[in-house]
Amino acid sequence: KAFESVFGCVTCLPGCFTMYRIISEDDVPLISNDDVFAQYSRNDIESLHEKNLYHLGEDRMLTTLLLMCFPDMSLSFVPEAKCWTIVPHTFRILLSQRRRWINSTFHNMWELLKVEGLCGVCCFSMKTVVAADMIATMVLPASFLYAVYFVYTVIVQGTAMSETLVVIYAVTIGCQMLVFLLRSRWDYLLWFFMYLIFGVPVFFFILPVYSFWNMDDLSWGQTRQVAAEKGKSPGELISDEPASDEPLEPAASAEQGESGRGLEAAADPELGRDAAAAVSAAGKESPSSTKEVAQKSAVVPGSDQ
Numbered sequence: 001k002a003f004e005s006v007f008g009c010v011t012c013l014p015g016c017f018t019m020y021r022i023i024s025e026d027d028v029p030l031i032s033n034d035d036v037f038a039q040y041s042r043n044d045i046e047s048l049h050e051k052n053l054y055h056l057g058e059d060r061m062l063t064t065l066l067l068m069c070f071p072d073m074s075l076s077f078v079p080e081a082k083c084w085t086i087v088p089h090t091f092r093i094l095l096s097q098r099r100r101w102i103n104s105t106f107h108n109m110w111e112l113l114k115v116e117g118l119c120g121v122c123c124f125s126m127k128t129v130v131a132a133d134m135i136a137t138m139v140l141p142a143s144f145l146y147a148v149y150f151v152y153t154v155i156v157q158g159t160a161m162s163e164t165l166v167v168i169y170a171v172t173i174g175c176q177m178l179v180f181l182l183r184s185r186w187d188y189l190l191w192f193f194m195y196l197i198f199g200v201p202v203f204f205f206i207l208p209v210y211s212f213w214n215m216d217d218l219s220w221g222q223t224r225q226v227a228a229e230k231g232k233s234p235g236e237l238i239s240d241e242p243a244s245d246e247p248l249e250p251a252a253s254a255e256q257g258e259s260g261r262g263l264e265a266a267a268d269p270e271l272g273r274d275a276a277a278a279v280s281a282a283g284k285e286s287p288s289s290t291k292e293v294a295q296k297s298a299v300v301p302g303s304d305q
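Heads up, the sequence shown stops at 305 in UniProt numbering, and the numbers go up one at a time, no gaps.
Here it is, written out as structure tokens:
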């Protein structure tokens, strides 16, 4: 997101750490735009492509809709914001999460390629970055297998190394090693080799292959929902399915204004009269915790950013 923010076009604003302008400084509806609402509230989702867009990656799809409706405005990443969330703590949950992310990302990139006038930097269009990312997602498993084959032929069979490949791998690893040297974080060195041994096979081969193979799996799996009221410890992950048919409790705080199911409005003092909508995780969440996340998040689309 930091890299995409350089282009003024972050392609995915995560639902738990995002704030949108409701209206612009010129009183132009943004997140409340009729076209955005009409597309985002569709109930005629039938194709596999649309289901991956709206059912698995709804936060990314909302970002895509905003880019479609307002291609001349920017979606920015604010590194100073301090937020927290619950991350996957088992491989099963990680597998389910990455399946949703990879499949929804792939389908959303296809939609982004259709956006006319997508912003960029100098002569580089954001479409170029999106297309490269889309191609890289498809060839990741093949590139991993080729890297393994390359190492095997060089070490076991004694095949002469290609200078081009040696340079590519040296630059890739060398740039990361440079971070350790400049910051003197030698503890990172151990984790770097751990990532090469265990992380690369998982994230470059297992997860992409599993995701594409299960592209028709639209289940949500287990996410960040918490259920302390069910006798579980606070922060413990549970199934996505609601524990009962009772509707979610709406926020009752007057400071937060209108609130709905999974969407609570919070005022940002830095934006003056402009309000910001903070998308909270599904499930029962106290208004105070949502307000805290909303105040700490600062991703706001605007032409002046």
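We put the CB at the ideal spot given by N, CA and C, even for glycine.
The straight-line gap separating the alpha-carbon atoms of Ala160 and Leu94 is approximately 39 angstroms. Judged by beta-carbon spacing, Thr11 lies within the 8 angstroms limit of Val130, meaning their Cβ atoms are closer than that value.
Excluding five sequence positions before and after Lys114, none of the CB atoms of its chain fall closer than 6 angstroms to its own CB.
Nearest C-alpha to Gln176 among Thr164, Leu190, Gln157, Asp217: Leu190. Phe37 carries a helical assignment under DSSP once its states are collapsed to helix, strand and coil. Within the same chain, Tyr40 come within 7 angstroms of Leu62 by CB-CB distance, once the 5 residues on both sides are set aside.
A distance of 8 angstroms or more separates the beta carbons of Asn103 and Ser5. For Arg42, there is no enclosing beta strand (DSSP E), as DSSP gives it neither H nor E.
With a cut-off of 8 angstroms on Cβ pairs, the segment 144–157 is in contact with the segment 191–205, counting three or more such pairs. Counting along the chain, Arg21 sits inside the beta strand (DSSP E) bounded by residues 19–21. Contact between Pro208 and Leu140 holds, with the beta-carbon distance rounding to 5 angstroms and staying under 8 angstroms. Arg185: not part of any alpha helix (DSSP H); DSSP gives it neither H nor E.
Note on geometry: alpha-carbon atoms of Ile86 and Tyr195 lie some 21 angstroms from one another. For Tyr146, the enclosing alpha helix (DSSP H) begins and ends at 126–155. Rounded to whole angstroms, the gap between the alpha carbons of Val28 and Val166 is 53 angstroms.
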